[in-house]
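Protein chains in written order, with my numbering: chain V, 297 to 629; chain G, 38 to 345; chain A, 153 to 467. Just so you know, even glycine gets a beta-carbon here, dropped at the ideal spot from N, CA and C. To start, the structure under review is shown below, and the notes come after it.
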């Protein structure tokens with residue numbers, strides 16, 4: 297099969313509010329993901345990254361309206377009927393949620409949770425499904441899987457529960473994994489392990505992944521390409537290598553600058569002034585302009601387009617002025 | 038004054054305001070029954086027995102020719118007096134117990150909770166029936182028994198609300214400033230949980246009305262010639278002869294009064310009005326701060342919303 | 153789980169024991185001696201009074217009498233009715249079946265209608281929800297005795313579909329006669345259960361794990377049954393337990409209204425006649441029903457929600 301695994305074009309999500317005026321949460325997202333590729337989706341809360349995942353899985357809140365198209369292996373996700381949608385959710389995409397404690401039914405055993413989709417959707421015999429579940433649990437680094445299968449979610453730790461969640465997604469063998477801040481609710485020491493497991497098992501199985509996080513470094517470590525989102529739009533999209541070297545958009549640069557460096561002692565952490573805004577709060581110009589050190593009056597007038605720059609895509613009207621062109625290297629998107 | 042009225046009706050909503058008005062009318066009629074009633078509720082005139090509504094008897098007359106409208110008006114007095122006593126007594130007993138338990142915690146709390154559990158295990162109706170078995174039928178033993186049965190219902194709510202207040206920083210602050218238990222409990226804690234208590238008391242009033250009317254219906258509380266809604270419903274003779282008005286009219290009044298009390302009680306204690314009555318109004322940040330004490334005006338405004 | 157069971161059982165027995173002491177003690181401390189019931193308006197001679205007191209064991213101290221009564225109860229001897237002279241156990245067993253059938257019919261109605269309405273309201277916001285909410289608001293304000301008179305006047309007297317009082321022969325006749333009483337008892341409980349169900353299911357529908365199930369491609373019905381309803385069960389079970397217990401108490405009223413010869417009517421009659429041995433036994437039976445219903449609902453909850461099992465004591 298050829299063609300991209302996932303293709304978003306012009307994805308826009310509005311949410312109806314009680315006063316009648318719709319609010320825009322996502323504004324014209326264009327993204328493609330090749331088979332087996334890992335793409336990072338980075339942004340602060342309210343940037344629309346979780347809403348993107350919800351749109352891809354058609355889990356938008358009832359009040360939300362999506363426009364634009366989402367194609368998975370060429371099929372229009374928005375047009376899927378009940379059974380097609382279930383088949384797509386069953387074997388097409390798998391979603392790893394942020395908070396496993398809330399996202400796994402607390403009243404049922406781990407085993408029942410893991411095998412439910414296999415037994416219900418694919419008619420796998422219980423015994424075989426349990427055997428597969430135990431095998432995958434071992435793969436995600438859980439010892440004594442047979443015992444874990446009989447335990448309840450409240451009896452195991454959060455880190456282990458997130459591994460269970462990952463195992464449940466791997467069991468379905470989807471072509472695409474959506475990981476929505478999979479480590480944010482975990483202890484820092486466990487975060488690394490969980491991300492490493494997710495990354496390794498995904499590569500082994502050749503699954504594509506959209507990795508959502510607010511942690512740019514984490515995304516750079518796990519993903520080949522990274523899309524930075526701000527106020528419901530993609531502001532920068534480029535390969536992890538070049539992004540790490542030199543961020544083009546002032547916001548991305550701000551994100552890179554606002555983390556403490558390990559190799560030098562920082563007197564003061566550089567922070568982006570102001571607070572992040574949502575798409576509907578931004579004016580007609582560049583949404584980042586009010587916080588941007590490089591902003592000119594013109595930035596507030598006209599929204600910048602996503603343009604090609606330095607081997608990636610950047611949404612900044614002044615990018616050529618503030619980032620002097622470098623001798624072009626081989627860079628590809 | 039007008040402004041105040043408007044905010045009150047806004048807070049109570051349409052159903053809440055209608056309930057409050059209905060209850061007020063019933064209360065006024067009960068108080069002014071001797072002035073308003075067209076006839077003596079106990080005067081019999083056998084000639085009028087089972088006559089339908091007429092100029093002489095607006096709602097007709099019962100089997101021994103007593104004026105139904107007058108009986109309903111006077112009946113409101115006993116029907117409301119009983120539950121008022123029940124709620125009053127159980128609040129008087131329950132609030133101090135609950136405040137003590139929530140303030141001191143430990144074994145005081147444990148003992149009080151156990152006693153409440155035990156009383157809770159006995160249905161109020163059964164307790165009342167047993168009391169009547171001991172002391173003979175009448176409003177007094179019935180009210181006494183129900184008062185005991187209703188203490189846990191109200192006290193548990195007060196205890197839970199007060200415990201939440203007890204651990205909030207402002208109580209510590211007051212303690213440090215040297216205010217005593219009584220001052221803090223009554224002056225601050227009780228004031229802050231007042232909407233919850235008043236709302237739940239209104240609901241308890243409704244249930245007590247139901248229980249007492251049931252007992253009067255069984256002939257165990259208010260006694261027969263006295264006009265009372267529950268007693269009036271027990272007129273099976275009229276029912277079996279097909280005259281429904283003398284029986285159904287007091288029944289409907291009981292239902293409406295209890296309905297109004299529960300709606301109003303829920304509204305006062307800050308429950309969300311049912312969806313079909315709610316018109317969304319969005320002003321600013323609707324999120325309730327986590328630290329907001331139960332039923333403070335702050336929370337009430339954010340959860341009740343305006344209903345037009 | 154075993155610990156919870158034992159804990160619950162212990163609490164149940166304690167409550168029963170305490171209430172038996174309370175009931176026994178209070179009835180015999182009542183003003184007016186029990187033997188006066190036997191004499192009625194006659195003035196007995198002193199010798200006759202002594203003889204009767206001895207026969208009724210009233211000349212023994214209270215704790216001894218309580219102990220005798222308690223051991224009797226445990227052996228199935230509930231004493232003798234002071235009015236009819238029959239064993240109390242016989243009088244009770246005559247009405248127990250009817251009352252149990254009445255409560256069963258009521259609860260079937262309550263569970264079917266209450267759960268159905270509550271579920272419909274929860275999964276269909278808007279008009280259905282509004283209609284159900286309006287219905288429940290009214291129905292929780294209709295006491296059984298008012299419902300009884302309404303039902304009698306419409307379905308027994310106007311339509312003549314069901315008998316207005318008494319029960320017929322055989323199980324069919326019994327069920328036929330108990331339809332209206334069961335409906336009268338069910339009205340108020342239906343409303344409560346519908347409300348509790350609606351809120352519980354609503355709350356559970358909004359939980360994150362429901363999204364997990366949906367995003368795994370499980371059919372909506374499977375998610376509703378296996379995850380939403382199942383998890384919403386604890387408050388619903390508590391409500392059913394409380395409502396069953398309350399229904400036992402309400403049979404006092406409804407059995408009197410429909411002249412159903414069950415435990416409820418027996419209680420009211422015995423109270424009117426001051427037939428203390430019967431009142432005592434029946435009251436204890438009703439308390440037992442109440443306590444057992446509550447304990448049973450706690451245990452079923454622990455079966456449904458594993459988190460409650462390890463929590464041990466819930467109170």
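### Message
Against residue 251 (chain G), what residues of chain A qualify as contacts under a CB-to-CB distance less than 7 Å, listed in chain order?
### Response
295, 297 and 405
### Query
Opposite residue 104 (chain G) in the DSSP bridges: which residues?
G:98
### Query
Taking any Cβ of chain G, which residues in the segment 377 to 407 of chain A have a Cβ under 9 Å from it, in chain order?
397, 398, 400, 401, 402, 404 and 405
### Task
Determine whether the Cβ of residue 402 (chain V) lies closer than 8 Å to any Cβ atom of chain A.
yes
### Query
For a contact meaning CB atoms closer than 7 Å, what does residue 245 (chain A) contact in chain G?
Under the 7 Å cutoff, chain G gives no residues; its nearest Cβ is about 20 Å from residue 245 (chain A).
### Query
Looking at C-beta atoms only, is the number of pairs between the segment 428 to 442 of chain A and the segment 263 to 278 of chain A that lie closer than 8 Å three or more?
They do not touch, by the three-pair rule.
#### Entry: Buried or exposed (CB count within 10 angstroms, at least 16 for buried), residue 522 (chain V)
buried
### Message
For residue 313 (chain V) and residue 123 (chain G), I'd like the C-alpha separation in whole angstroms.
### Response
46 Å
### Task
Please check the pair residue 283 (chain G) and residue 105 (chain G), which I expect to be a contact at CB under 8 Å, by giving their CB distance rounded to whole angstroms.
5 Å
### Query
Using the rule of at least 16 other Cβ atoms within 10 Å of the residue's Cβ for burial, across every protein chain shown, is residue 245 (chain A) buried or exposed?
The residue is exposed, with fewer than 16 neighbouring Cβ atoms inside 10 Å.
#### Entry: Burial state of residue 479 (chain V), where buried means 16 or more other Cβ atoms lie within 10 Å
buried
### Message
When you compare the CB of residue 393 (chain V) with every CB in chain A, is at least one pair closer than 8 Å?
### Response
yes
### Message
Between residue 476 (chain V) and chain A, is the shortest Cβ-Cβ distance under 8 Å, so that the two count as touching?
### Response
no
#### Entry: Supposed contact pair residue 341 (chain V) and residue 510 (chain V) - C-beta distance, whole angstroms, cut 8 Å
7 Å
### Query
Roughly how many angstroms separate the alpha carbons of residue 411 (chain V) and residue 394 (chain V), rounded to a whole number?
21 Å
#### Entry: Nearest residue (CA-CA) to residue 269 (chain A), options A:340, A:394 and A:288
A:288
### Query
Comparing the C-beta of residue 355 (chain V) with each C-beta of chain A, is any distance below 8 Å?
yes
### Task
Using a Cβ-Cβ cut-off of 8 Å, state whether residue 141 (chain G) counts as contacting chain A.
In terms of beta-carbon proximity, residue 141 (chain G) stays away from the interface with chain A, with every pair separated by 8 Å or more.
### Message
Can you pull the chain A neighbours of residue 412 (chain V), defined as C-beta to C-beta under 8 Å?
### Response
365, 368, 370 and 378
### Message
Taking the alpha helix (DSSP H) that residue 462 (chain V) belongs to, which residues open and close that run?
### Response
454 to 467
### Message
Threshold first: 3 residues or longer. Then list the beta strand (DSSP E) segments lying entirely within the segment 285 to 337 of chain A, N to C.
### Response
none
### Message
Once the 5 residues before and after residue 66 (chain G) are set aside, which same chain residues still bring their CB inside 7 Å of it?
### Response
73, 110 and 113
### Task
Return helix, strand or coil for residue 324 (chain V), following the three-state DSSP convention.
strand
### Task
Give a yes or no on whether 8 Å exceeds the smallest Cβ distance from residue 144 (chain G) to chain A.
no
### Cβ neighbours of residue 333 (chain G) in the same chain (closer than 7 Å, five flanking residues each side left out)
The predicted model places residue 333 (chain G) with a pLDDT of 31, which falls under 50 and marks its position as unreliable, so this point remains unresolved.
### Query
When the Cα atoms are used, what is the spatial distance from residue 300 (chain V) to residue 331 (chain V)?
6 Å
### Query
Quick one: any contact between the segment 442 to 460 of chain V and the segment 326 to 346 of chain A, if contact means 3 or more CB pairs under 8 Å?
no
### Message
Measuring straight from C-alpha to C-alpha, what distance separates residue 422 (chain V) and residue 458 (chain A)?
### Response
Rounded to the nearest angstrom, the two C-alpha atoms are 22 Å apart.
### Message
For the pair the segment 232 to 240 of chain G and the segment 254 to 274 of chain G, tell me if three or more CB-CB distances fall below 8 Å.
### Response
Touching, no.
### Message
Against residue 386 (chain V), what residues of chain A qualify as contacts under a CB-to-CB distance less than 7 Å, listed in chain order?
### Response
Within chain A, the residues whose beta carbon sits less than 7 Å from that of residue 386 (chain V) are 368 and 369, listed in sequence order.
### Task
Please look up how many angstroms separate the CB atoms of residue 545 (chain V) and residue 531 (chain V), rounded, as I've assumed it's under 8 Å.
Between residue 531 (chain V) and residue 545 (chain V) the Cβ distance is about 5 Å, and since that is below 8 Å, they are a contact.
### Query
Counting Cβ pairs closer than 8 Å, one from the segment 459 to 477 of chain V and one from the segment 500 to 509 of chain V, do we hit at least three?
At 8 Å Cβ cutoff, the stretches touch.
### Message
Less than 6 Å between C-beta atoms, sequence neighbours within five positions excluded: which residues of the same chain meet that for residue 602 (chain V)?
### Response
609 and 611
### Inter-residue CB distance, residue 398 (chain A) and residue 407 (chain A) (contact presumed, cutoff 8 Å)
Residue 398 (chain A) to residue 407 (chain A), Cβ: 15 Å. No contact.
### Query
Beta-carbon separation of residue 527 (chain V) and residue 583 (chain V) under 8 Å?
yes
### Query
For residue 161 (chain A), which of helix, strand or coil comes out of DSSP?
helix
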